[in-house]
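In this note's numbering, the protein residues as written are 365 to 568. Have a look at the structure below before the remarks.
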Amino acid sequence: MRPLLFLLLLAALCSCGNSDKEVFDRSQKLAQVEVATGVTTQFSQNGRLKAILKSPRMLRHVGDSVVIEFPTMLHVDFYDSLGKIESFLDARYARYAESRNVVLLRDSVQVINVRGDTLRTQELWWDQNARLFYTDSVVRIIQPDKRIRGGRGLEAAQDMSSYVIKYPTGVMDVKEDEFGGAAPQDSSVPASPAPAIAPPPSKF
365 MRPLLFLLLL
375 AALCSCGNSD
385 KEVFDRSQKL
395 AQVEVATGVT
405 TQFSQNGRLK
415 AILKSPRMLR
425 HVGDSVVIEF
435 PTMLHVDFYD
445 SLGKIESFLD
455 ARYARYAESR
465 NVVLLRDSVQ
475 VINVRGDTLR
485 TQELWWDQNA
495 RLFYTDSVVR
505 IIQPDKRIRG
515 GRGLEAAQDM
525 SSYVIKYPTG
535 VMDVKEDEFG
545 GAAPQDSSVP
555 ASPAPAIAPP
565 PSKF
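Structural data, given as structure tokens:
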């Protein structure tokens, strides 16, 4: 009876030890995440302002490499060589590695240029060095004359002055009331939450 009691006590002590270690590990992981609110970040290249990013909340994950995450929403203004806004972007989620200049945007992504062209998709990559957007997801571009070009896959200049839809589905007209208030919904562009991200190996 006593040996059995001893084994039970030993098992209980081991269990407590493992639990404490798990708690310590979790604390260490939490300590490696820096949180900032009301963030405004400038992106420059060769001394020139390229973009200004604003977000209510930013997470900075410190590990082998530093990863920046915007878990709620963000807004970006893009500037041309003269310092004037050429386009702006909104998304509900974004993530990028500090060592690279490629940003992954997800969930209700929208890009609008000064001419009024509007790009909408659920996932978009922003290459800061090349000043372009690309995606393999479903996209649609709403033009100022309210004609829509849709398809899957896209490469576009950052100012939306030029773009290529890889697999276009055609052009359609939309009614005036579709543009009142919230962004019009498209069944081919399903709404989705921002899940954990596994970026393409060639970019991240």
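Beta carbons: idealized from backbone N, C-alpha and C, even for Gly.
Each residue's CA atom was taken as its position, placing Leu413 and Gly427 some 29 angstroms apart. For Ser451, the enclosing beta strand (DSSP E) stretches over residues 449-455.
Here the C-alpha atom of Ser451 lies approximately 9 angstroms from the C-alpha atom of Asp444.
In the DSSP annotation of this structure, the continuous segment of the beta strand (DSSP E) that includes Gly402 starts and ends at 397-409. Per the coordinates, the alpha-carbon of Thr436 lies some 8 angstroms from the alpha-carbon of Ala458. In the structure shown, Gly480 adopts coil according to DSSP, grouped into three states. The beta-carbon separation of Val528 and Gly514, rounded to 13 angstroms, does not stay under the 8 angstroms limit for a contact. Counted as a single uninterrupted DSSP element, the beta strand (DSSP E) harbouring Lys418 occupies residues 412-425.
In this structure, Val467 sits away from Leu453, with a CB-CB distance that is not shorter than 7 angstroms.
The shortest C-alpha to C-alpha distance from Asn477 to any of Ala521, Ala455, Asp500 is the one to Ala521. Going by C-alpha positions, Pro532 is about 44 angstroms away from Gln396.
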